[in-house]
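Residue numbers (my numbering): 3 to 253. The next block holds one structure in the form of structure tokens; read it before the comments.
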């Protein structure tokens, strides 16, 4: 099956630092547990990659587009310039302890700090000065990536569910109810109740609509539905009464 720009791909991967074999990231739960890198907050499952979206490191995305094959495990070497970039000496700076204390930061070697919106790692604390490295922790590192394309997604309903799921990783794709009307090229999306009160829900709806238009195309209207139910007493029985709230169509 051909892979090209805007293809929706599900992949499993294991990424390591070449020099040390240290595990950087993986979608496979067993690997994370075996190497004591398991994160209880993370959802371990195949990752959605939209070719050309640039949400994964460039070397991996380029290899997927040019050489990827479904259900074939491939191992590639990714140089720094196609991963997290080369180290920039100018990004290693001295900051006064006074500035850190002013921002309620206690400087400790190895600690990640946020200074003026820049994320860095404390490398040394000497007297009243702190050496902070603002390079990405993997800058200058050559990576080894083993990956397998689990699936190339063709169905538009499944694509839309995956776009929603990657915003709410704890909610299974089947909890998003998506229907497509081919007569007028419209999409209706019913959102699960547990995200109705999410503070970012309006932003997420707008972003997903934009992604649908950009990567799937051809559709002209997207309507979101939020369904609320309440129980009322009718004699000795409780019955669910449902209300619909429809967002204004996104066009």
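Each residue gets a CB set at the ideal place from its N, CA and C atoms; glycine is no exception.
Proximity winner among the options, relative to residue i (alpha-carbon distances)
i           : options           : result
residue 123 : 10, 139, 39       : 139
residue 61  : 50, 78, 55, 45    : 78
residue 182 : 126, 223, 53, 58  : 223
residue 194 : 212, 73, 217, 172 : 172
residue 118 : 130, 131, 97      : 97
residue 143 : 217, 120, 59, 214 : 59
residue 45  : 57, 55, 14, 225   : 14
residue 131 : 53, 36, 99        : 99
residue 50  : 125, 207, 162     : 162
Span separating the alpha-carbon of residue i from that of residue j
i           : j           : result
residue 89  : residue 167 : 34 angstroms
residue 21  : residue 81  : 12 angstroms
residue 160 : residue 134 : 44 angstroms
residue 94  : residue 137 : 7 angstroms
residue 230 : residue 158 : 26 angstroms
residue 102 : residue 115 : 9 angstroms
residue 5   : residue 48  : 17 angstroms
residue 221 : residue 8   : 15 angstroms
residue 12  : residue 192 : 23 angstroms
residue 141 : residue 91  : 11 angstroms
residue 18  : residue 227 : 42 angstroms
residue 32  : residue 212 : 35 angstroms
residue 180 : residue 218 : 14 angstroms
residue 245 : residue 106 : Low local confidence applies: a pLDDT of 46 at residue 245 is under 50, so the model's placement there is unreliable, with the coordinate-based value given in what follows. One C-alpha to the other measures close to 47 angstroms.
residue 164 : residue 34  : 23 angstroms
residue 170 : residue 72  : 26 angstroms
residue 197 : residue 216 : 24 angstroms
residue 70  : residue 152 : 11 angstroms
residue 156 : residue 41  : 31 angstroms
residue 200 : residue 210 : 15 angstroms
residue 16  : residue 75  : 11 angstroms
residue 38  : residue 56  : 29 angstroms
residue 54  : residue 28  : 21 angstroms
residue 154 : residue 121 : 36 angstroms
residue 251 : residue 205 : With a pLDDT of 49 at residue 251, under the threshold of 50, the predicted position of this residue should be treated as unreliable, and no value is reported.
residue 207 : residue 52  : 18 angstroms
residue 129 : residue 178 : 56 angstroms
residue 10  : residue 175 : 15 angstroms
residue 125 : residue 203 : 39 angstroms
residue 43  : residue 36  : 17 angstroms
residue 30  : residue 127 : 38 angstroms
residue 243 : residue 104 : Any reading at residue 243 must be qualified, since the residue scores a pLDDT of 49, below 50, and its modelled position is unreliable; no value is offered.
Alpha helix (DSSP H) segment containing residue i, residue limits
i           : result
residue 100 : 99-104
residue 31  : 31-36
Start-to-end residues for the beta strand (DSSP E) that takes in residue i
i           : result
residue 21  : No beta strand (DSSP E) holds residue 21; DSSP gives it neither H nor E.
residue 25  : 25-28
residue 40  : Where residue 40 is concerned, there is no enclosing beta strand (DSSP E), given that its DSSP letter is neither H nor E.
residue 135 : 131-135
residue 151 : 145-155
List, from N- to C-terminal side, the alpha helix (DSSP H) runs of 4 residues or more that fit wholly inside the segment 42-128. 60-69, 99-104
Segment contact, 8 angstroms Cβ cut-off, at least three pairs: the segment 177-193 with the segment 8-24: no
Are the segment 67-86 and the segment 104-115 touching, with three or more C-beta to C-beta distances below 8 angstroms? The segment 67-86 is not in contact with the segment 104-115.
Using 8 angstroms as the Cβ pair cut-off and three pairs as the minimum, do the segment 144-151 and the segment 61-71 touch? yes
Could you name each continuous beta strand (DSSP E) segment of 3 residues or more that falls completely within the segment 164-224, going from the start of the chain to the end? 179-183, 188-193
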